[in-house]
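Sequential numbering of the sequence shown, starting at 231, is according to our numbering. By construction, the Cβ of each residue, glycine as well, lies at the ideal position given by its N, Cα and C atoms.
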Amino acid sequence: MCCCCTCAGHCSNQGLSLSLCLSLSVRAPRQVNSRILWHLVRHYLGGTLRSLRLKGVLHSVRKHESLTEALLLELGKRCPGLNALRLIEMNLRGISYECLPPSLLTLELTHCEIPLHWFRVAPGASSSSTSSSSSSGSVGSGGGGLGGRAPPPRIENLEVDSVPNFSDQHLQSLAARTTLKTLLLSEAYRVTDGGIERSAERLSEVVRLRLYGCNISDGALRHVGRHLTQLRALDLTKFCSMTDAGLACLVGLKSLQSLCVEYCYQLSVDQLVSVCAGLPSLTKLNLNGNRYSEEELQKIRQSLPNCTVTNELQETDSIPKY
Numbered sequence: 231m232c233c234c235c236t237c238a239g240h241c242s243n244q245g246l247s248l249s250l251c252l253s254l255s256v257r258a259p260r261q262v263n264s265r266i267l268w269h270l271v272r273h274y275l276g277g278t279l280r281s282l283r284l285k286g287v288l289h290s291v292r293k294h295e296s297l298t299e300a301l302l303l304e305l306g307k308r309c310p311g312l313n314a315l316r317l318i319e320m321n322l323r324g325i326s327y328e329c330l331p332p333s334l335l336t337l338e339l340t341h342c343e344i345p346l347h348w349f350r351v352a353p354g355a356s357s358s359s360t361s362s363s364s365s366s367g368s369v370g371s372g373g374g375g376l377g378g379r380a381p382p383p384r385i386e387n388l389e390v391d392s393v394p395n396f397s398d399q400h401l402q403s404l405a406a407r408t409t410l411k412t413l414l415l416s417e418a419y420r421v422t423d424g425g426i427e428r429s430a431e432r433l434s435e436v437v438r439l440r441l442y443g444c445n446i447s448d449g450a451l452r453h454v455g456r457h458l459t460q461l462r463a464l465d466l467t468k469f470c471s472m473t474d475a476g477l478a479c480l481v482g483l484k485s486l487q488s489l490c491v492e493y494c495y496q497l498s499v500d501q502l503v504s505v506c507a508g509l510p511s512l513t514k515l516n517l518n519g520n521r522y523s524e525e526e527l528q529k530i531r532q533s534l535p536n537c538t539v540t541n542e543l544q545e546t547d548s549i550p551k552y
């Protein structure tokens with residue numbers, strides 16, 4: 231793991247006075263071993279820490295990871311106000327989801343590896359969640375048999391970017407155990423129509439959704455339109471298989487304020503106008519990357535007078551990663 235500390239609070243390069251730290255980023259350029267990270271958690275981090283960003287060495291020649299279950303349990307005890315954890319290039323295959331700090335509301339995973347059953351409720355988890363967290367106990371690799379710890383977090387905001395093994399099973403397990411408000415999936419090619427169908431009903435509280443680089447079709451949008459009726463922002467960037475039929479499934483999203491259909495090449499102007507005109511809350515329509523003529527864009531804008539319509543073109547290899 232690499233380290234460069236940045237925090238909103240009192241922090242000095244020499245003494246690391248982090249008592250009032252609100253946000254901490256642990257990344258390049260300095261290598262941090264497990265001992266140093268333990269020292270940081272035990273002596274400098276406390277109840278005021280709200281956000282923590284850790285970058286590992288998953289794609290480095292050196293594969294040793296400093297993040298362990300025991301360290302996460304200690305972090306949860308010493309930082310009860312920690313609500314956002316951002317993990318980058320981390321090998322989490324030996325880490326149980328149950329060990330994450332119970333106060334977490336936001337979890338971001340970028341270029342990480344996670345276990346197959348990571349979000350699944352462990353056997354006996356309900357009884358262990360009421361146990362005292364005064365003892366960290368013996369920590370096994372990736373297992374769920376950690377007694378005497380606080381209950382696992384109830385994540386409200388999840389962002390997954392380029393986590394190759396994130397699948398339908400992960401989505402279903404997470405939807406079953408927590409009430410998500412934000413779900414942002416990028417390059418999640420193992421998420422399919424079936425996963426969306428089986429999870430959608432339990433994702434009814436989601437207000438912000440991104441399905442970028444998923445292996446889905448119009449069928450997934452039927453379930454989104456039917457169950458995710460509280461959506462306010464929907465990002466379908468590079469959903470190249472989406473057709474007018476799929477777009478029509480969104481007509482029931484009456485709270486939708488922002489719709490992004492960048493690089494969705496099969497959408498006709500007439501269908502865009504028909505669907506978007508029926509979304510009373512829509513104020514932003516992103517058509518970037520779609521080659522509509524000036525006449526077609528004028529028709530769209532005139533039909534949506536209360537909506538800002540953007541249509542910028544750029545090379546496909548420079549499509550932004552969200």
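Reduced DSSP category for residue i - H, G, I as helix; E, B as strand; rest coil
| i | result |
| --- | --- |
| A258 | Any reading at A258 must be qualified, since the residue scores a pLDDT of 46, below 50, and its modelled position is unreliable; the value itself is stated next. Reduced to three states, the DSSP call for A258 is coil. |
| K529 | helix |
| Y274 | coil |
| E338 | strand |
| A314 | strand |
| E389 | strand |
| K411 | coil |
| E343 | strand |
| L458 | coil |
| Y442 | strand |
| L303 | helix |
| L267 | helix |
| L284 | strand |
| R323 | coil |
| S416 | strand |
| S447 | coil |
| S397 | strand |
| L543 | coil |
Within 8 Å, strictly: CB atoms of residue i and residue j
| i | j | result |
| --- | --- | --- |
| R323 | P345 | yes |
| L480 | C444 | no |
| R407 | F349 | yes |
| N395 | R420 | yes |
| L464 | L502 | no |
| P381 | Y327 | no |
| T340 | S397 | no |
| E304 | I325 | no |
| L477 | L497 | yes |
| G286 | L297 | yes |
| Q460 | E435 | yes |
Buried/exposed call for residue i, threshold 16 Cβ in 10 Å
| i | result |
| --- | --- |
| L401 | buried |
| G277 | exposed |
| D500 | exposed |
| C506 | buried |
| S429 | buried |
| R452 | buried |
| G311 | exposed |
| T467 | buried |
| L509 | buried |
C-beta neighbour in chain C for residue i, strict 8 Å
| i | result |
| --- | --- |
| S447 | Absence of chain C from the displayed structure is noted, only one protein chain being present. |
Are at least three pairs of beta-carbons, each pair with one atom in the segment 468-487 and one in the segment 536-544, less than 8 Å apart?
Taking one beta carbon from each stretch, the segment 468-487 and the segment 536-544 have fewer than 3 pairs nearer than 8 Å; the two do not touch.
Identify every run of the alpha helix (DSSP H) within the segment 461-538, keeping only runs that are complete inside it and at least 4 residues long; order them along the chain.
Taking only runs of at least 4 residues, the alpha helix (DSSP H) segments lying wholly in the segment 461-538 are 474-478, 499-507, 524-533.
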